[in-house]
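Numbering (my numbering), first residue to last: 1 to 109. Report on the structure given below.
Okay, here's the thing in structure tokens:
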């Protein structure tokens, strides 16, 4: 690459993503470590350790960014209603979850 252009990432994004995903190291962090940071369940020490690793590992940068994208998409969604979920329960041959004890006791809230 000898010059920056506006379409550089759009033109080369898939190839860059494949390259980053293929370059894993022994120091790469597990997915749980990234999820702990996103959900705020990690210590400052562990977060700083992860940030140091991210400075030198394109694989983990790619992995962390993908997790952040999914979390961003999922946080804006609403759960399916019982009637919307029913076809999926039937398709996967799974029983719908039972309401919690409190909901059975007082009815739907």
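Glycine included, each C-beta is placed from N, C-alpha and C at the ideal position. In this text the structure is predicted, and so the values were computed from the model without any measurement.
Can residue 68 and residue 94 be called in contact, C-beta distance under 8 Å?
No. Outside cutoff.
For residue 33, I'd like the list of residues in its chain whose CB is within less than 8 Å of its CB, leaving aside the five on either flank, ordered along the chain.
Short of 8 Å from the beta carbon of residue 33, and not among the five residues preceding or following it, lie these beta carbons of its own chain, in chain order: 42, 46 and 50.
Quick one: what does DSSP say residue 91 is sitting in, helix, strand or coil?
Residue state, collapsed to three classes: helix.
Give me the Cβ distance between residue 62 and residue 20, rounded to the nearest whole Å; I'm assuming they're in contact under 8 Å.
The Cβ separation is near 4 Å, so the contact holds.
Would you kindly work out how many angstroms separate the C-alpha atoms of residue 27 and residue 53, rounded to a whole number?
Approximately 8 Å between the Cα atoms of the pair.
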